[in-house]
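These notes are about the structure you will find just below.
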Amino acid sequence: LGQVSADMKANISINICLRVRDSLQSQELLGTSHAAKISPNTPGSAYYNIGEGVEALRCAQSSNAKRLVKAIQFAGKFCYLEHSKTLFSAPLPPVLSSKQLENYKYENYENKYFSKEINNECVDSSAIEESVVVGLQDDSINLFEAKIPLNLGNIAIIGGRQQGKSTILRIIAQKLQTQVYSANEITAKESDYIRDTTKPVLIDDADELLDPLNTKIAAISLQDRLHSLGAPVILSTQSARYLRLPEQAPVRIIFPTGDIGTDALLGIPSALSKTFSIEDYQLPGRCVLVTPGTANLTQIALPN
1122 LGQVSADMKA
1132 NISINICLRV
1142 RDSLQSQELL
1152 GTSHAAKISP
1162 NTPGSAYYNI
1172 GEGVEALRCA
1182 QSSNAKRLVK
1192 AIQFAGKFCY
1202 LEHSKTLFSA
1212 PLPPVLSSKQ
1222 LENYKYENYE
1232 NKYFSKEINN
1242 ECVDSSAIEE
1252 SVVVGLQDDS
1262 INLFEAKIPL
1272 NLGNIAIIGG
1282 RQQGKSTILR
1292 IIAQKLQTQV
1302 YSANEITAKE
1312 SDYIRDTTKP
1322 VLIDDADELL
1332 DPLNTKIAAI
1342 SLQDRLHSLG
1352 APVILSTQSA
1362 RYLRLPEQAP
1372 VRIIFPTGDI
1382 GTDALLGIPS
1392 ALSKTFSIED
1402 YQLPGRCVLV
1412 TPGTANLTQI
1422 ALPN
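Residue 1122 is where the sequence shown starts when you use the numbering used here, and the numbers rise one by one after that.
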């Protein structure tokens, strides 16, 4: 009871009610208690109301449902009827290959079939380099490419060990044709490269370098770079203890911890956290992509 609101009723053109046990349920949908009086020995019986009063109906039983469906599909093809777009896409796959990801390349276009005919020579290459595709994200309605923007500031990949942080860095490094620096092995020469704000820099396991009490040259260079303008710093860390969020990392890839309060501090809305299943916490590569104004569940693709 109470599941069909007044707004829903205002937008429903056909009300159909099968057998119910409570007359109030029938009253709520049809305006009468007729559906509560349907015999259990008459399966498929119902009452409907299209605005001209309540009438009875009984659905016919098909001996071969598959044949009926094929006949409907054939009639649709014969009449050249276009399929309506599905309301919701399939859930995120547990494992995502680069070939599967390719199927969603044109998902953001209204007419993806027309978009495949775009001449790549006419596409602005500078616009393409403003983001890197790392997987698929789910906005609760559709699946589309998970693009990490490179023009919004620094990027932090936050999560525990063996969850896929280094894999994400390798994917980004492959797309940008650059290398990933290990925080424990940065030399003095590489510290100078960190200061260069004209190119993105990728650092794995940066927890130690983010410590404000660390006096190593690499740590000082990284902390100075985080406050400067220019190409982003893309780093992975197990915690955001030494990061000021969102100032130092407007874009974040977060592997949920399971604690709603902790995840909310990292940038995952509590409403989104409540929708997570056990699988979302256990699957490698299952994370949340947070950009200014959005936070979507994401599955990282397997590297080539």
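Every residue, glycine too, gets a C-beta built ideally from N, C-alpha and C.
These figures come from a predicted structure and were not determined experimentally.
query, result
"Coil, strand or helix - Val-1505 by DSSP", "In this structure the chain extends from 1122 to 1425, so residue 1505 is not present and cannot be described."
"Whole-angstrom distance between Ala-1181 and Ser-1246, CA atom to CA atom", "Because Ser-1246 carries a pLDDT of 42, less than 50, the predicted location of this residue cannot be relied on, and the following value inherits that uncertainty. Each residue's alpha carbon lies about 58 Å from the other."
"Buried versus exposed, by CB contacts within 10 Å (16 or more), Gln-1283", "exposed"
"Local Cβ density within 10 Å of Lys-1220, reported as buried at 16 or more and exposed below that", "exposed"
"Asp-1132 and Leu-1151 closer than 8 Å at C-beta", "This sequence places Asn at residue 1132; Asp is not what is there. Cβ atoms of Asn-1132 and Leu-1151: not closer than 8 Å."
"Inter-residue spacing [alpha-carbon to alpha-carbon] between Thr-1319 and His-1204", "48 Å"
"Rounded Cβ spacing between Ser-1357 and Asp-1401 (contact assumed at less than 8 Å)", "At roughly 20 Å, the Cβ-Cβ gap does not stay under 8 Å, so Ser-1357 and Asp-1401 are not in contact."
"Three-way DSSP call (helix, strand, coil) for Gly-1256 in this model", "strand"
"Contact belief for Leu-1393 with Val-1409 at Cβ below 8 Å, rounded distance in angstroms", "7 Å"
"Beta-carbon gap between Ala-1361 and Ile-1279 smaller than 8 Å", "yes"
"For Arg-1179 and Leu-1387, the rounded distance between their alpha carbons", "55 Å"
"Close-in-space but distant-in-sequence residues of the same chain around Pro-1413 (CB under 7 Å, 5 per side omitted)", "Leu-1273, Pro-1371"
"Residues of its chain near Pro-1405, where Cβ-Cβ distance is below 7 Å and the 5 sequence neighbours each way are ignored", "Gln-1284, Gly-1285"
"Minimum length 3: unbroken beta strand (DSSP E) runs contained in the region 1369-1422", "1372-1375, 1407-1412, 1415-1421"
"Which of helix, strand or coil DSSP assigns to Ile-1276", "strand"
"Outcome for Leu-1145 when other beta-carbon atoms lying within 10 angstroms are tallied against a minimum of 16", "exposed"
"Residues of its chain near Ser-1252, where Cβ-Cβ distance is below 7 Å and the 5 sequence neighbours each way are ignored", "Lys-1268, Ile-1269, Pro-1270, Leu-1271"
"Where Val-1190 falls, given that 16 or more other Cβ within 10 Å makes a residue buried", "exposed"
"Contact belief for Ile-1276 with Ile-1355 at Cβ below 8 Å, rounded distance in angstroms", "4 Å"
"Endpoints, the alpha helix (DSSP H) within which Ser-1357 is located", "From DSSP, Ser-1357 is part of no alpha helix (DSSP H) but of the beta strand (DSSP E) over 1354-1358."
"Whether Ile-1374 touches Ile-1289 by CB criterion (8 Å)", "yes"
"Beta carbon of Leu-1423 nearer than 8 Å to that of Ser-1218", "yes"
"Reduced DSSP secondary structure (H/G/I, E/B, other) of Asn-1232", "With a pLDDT of 38 at Asn-1232, under the threshold of 50, the modelled position of that residue is not reliable, and no figure is offered here."
"Run of the beta strand (DSSP E) containing Phe-1209, from where it starts to where it stops", "Where Phe-1209 is concerned, there is no enclosing beta strand (DSSP E), given that its DSSP letter is neither H nor E."
"Neighbourhood of Gln-1420 by C-beta, 7 Å cutoff - its chain only, sequence neighbours within 5 removed", "Leu-1213, Pro-1214, Leu-1217, Gly-1256, Leu-1257, Gly-1406, Arg-1407"
"Closest by C-alpha distance to Val-1322, when choosing among Gln-1344, Leu-1366, Pro-1333, Ala-1127", "Gln-1344"
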